[in-house]
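Student: Our numbering puts the first residue of the sequence shown at 2, with every later residue one more than the last. Quick reminder that beta carbons are idealized off the backbone N, C-alpha and C, glycines included. To start, I am sharing the structure in question, which I have written as structure tokens.
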Amino acid sequence: MKIRYRNKDIHYTSEGTGETAVLLHGFLESKEIWTDFIPEFLKYGRVITIDLPGHGESEVIEEVHTMELMADAVYAVLKEEKVQQANFIGHSMGGYVALAFLEKHPSMMHEFMLLNSTPKEDSREKKTNRERAIEVVKKNKRAFISMAISNLLTPENDKKFVKEVNEIKERAYQFPAEGIIAALKGMKIRTNKEKLLAQFNGTKVIVTGQNDPLIELKAIKSIADKCNCRFFTLPGGHLSYLESRKNFIKLCISSKK
């Protein structure tokens, strides 16, 4: 399925009826990361997955894809599908997009899971790393994708989930360099959303990997406490939906039973 947003195609899936779950993938990912979870989630309602701009089959919209621009694309899909309220799961960059969506449309968010993500903005060091990443993408997109994705998992899980990791990489190789760079630029300039998260009165959960190379465990636990979020750690690195699949599903459906 697709819609036209600002004269560009945004691709998505929508299945089932009832309470809606919106699943947002991370950087260098696509809606396909959620495919294996859809049958389980459909037992509890409707499921919508979206390819964020410049990722999956969705087209590049601008030179910079701010989190707000991506959130606007998500809103356009939900408007098309006549969704008035939904539960959101945002993985990594998808969490940043979900937070931008919450800021714009607070009444539309019922429950919220930040998965391997943070409401904090990029540190100075992280911004420098984004700049370096942009230069690498310009020179050798494929090498950047391969290295960046492998580095998200613990070394043992990178070997354990070779097939799944290669599938993520193969899909990402098809993304235009412009889309990857636009996302890097957008993540670099995103703003702090801790106050917003603290003020959100719906159910809110932060899930992180015990050995996530991008999210420091002690720091995210402190944020969860400060923002009054339920907090869970799962074995593995930055791809908890893959590295700790069964535990992730249990967390997602625990409030539905």
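Is it buried or exposed, Leu218, if we count other Cβ atoms within 10 angstroms and call 16 or more buried?
Tutor: By the neighbour-count rule (16 or more Cβ atoms within 10 Å), Leu218 is not buried but exposed.
Student: Do the region 236-251 and the region 110-118 touch if we need at least three Cβ pairs shorter than 8 Å?
Tutor: These segments touch.
Student: Return the Cβ separation of Ala183 and Glu69 in integer angstroms, given the expectation that the two are a contact with Cβ distance under 8 Å.
Tutor: 13 Å between Cβ atoms; not a contact.
Student: Can you tell me which of Arg246, Ala199, Ser245 and Thr50 puts its alpha carbon nearest to the alpha carbon of Asp226?
Tutor: Cα-wise, what sits closest to Asp226 is Ala199.
Student: With a floor of 4 residues, list each alpha helix (DSSP H) that falls wholly inside the region 4-83, ordered by position along the chain.
Tutor: Entirely contained in the region 4-83, the alpha helix (DSSP H) runs reaching 4 residues are, in chain order, 39-42 and 68-81.
Student: Give the straight-line distance between the Cα atoms of Arg5 and Ala144, rounded to the nearest whole angstrom.
Tutor: Each residue's Cα considered, the two are about 32 Å apart.
Student: Do you know how far the Cα of Glu60 is from the Cα of Asp10?
Tutor: Approximately 6 Å between the Cα atoms of the pair.
Student: Between Lys128 and Lys189, how many whole angstroms is the CB-CB distance? I'm expecting something under 8 Å.
Tutor: Right, their Cβ atoms sit about 5 Å apart.
Student: With distances taken Cα to Cα, identify the nearest neighbour of Leu25 among Glu41, Tyr76 and Arg7.
Tutor: Checked all of Glu41, Tyr76 and Arg7; the closest Cα to Leu25 is Tyr76.
Student: If you check the beta carbons only, do Tyr13 and Val98 fall under 8 Å apart?
Tutor: Not in contact: Tyr13 and Val98 (Cβ atoms no closer than 8 Å).
Student: Select from Lys142, Ala74 and Ser31 the residue whose C-alpha is nearest the C-alpha of Arg7.
Tutor: Checking every option, the nearest Cα to that of Arg7 belongs to Ala74.
Student: Output the distance between the C-alpha atoms of Arg47 and Gly95, rounded to the nearest integer angstrom.
Tutor: Each residue's Cα considered, the two are about 19 Å apart.
Student: I need the DSSP call for Met110, collapsed to helix, strand or coil.
Tutor: Reduced to three states, the DSSP call for Met110 is strand.
Student: Decide if the region 103-112 is in contact with the region 173-180; the criterion is three or more beta carbon pairs, one per stretch, under 8 Å apart.
Tutor: No, because fewer than three Cβ pairs between the region 103-112 and the region 173-180 fall closer than 8 Å, the two stretches do not touch.
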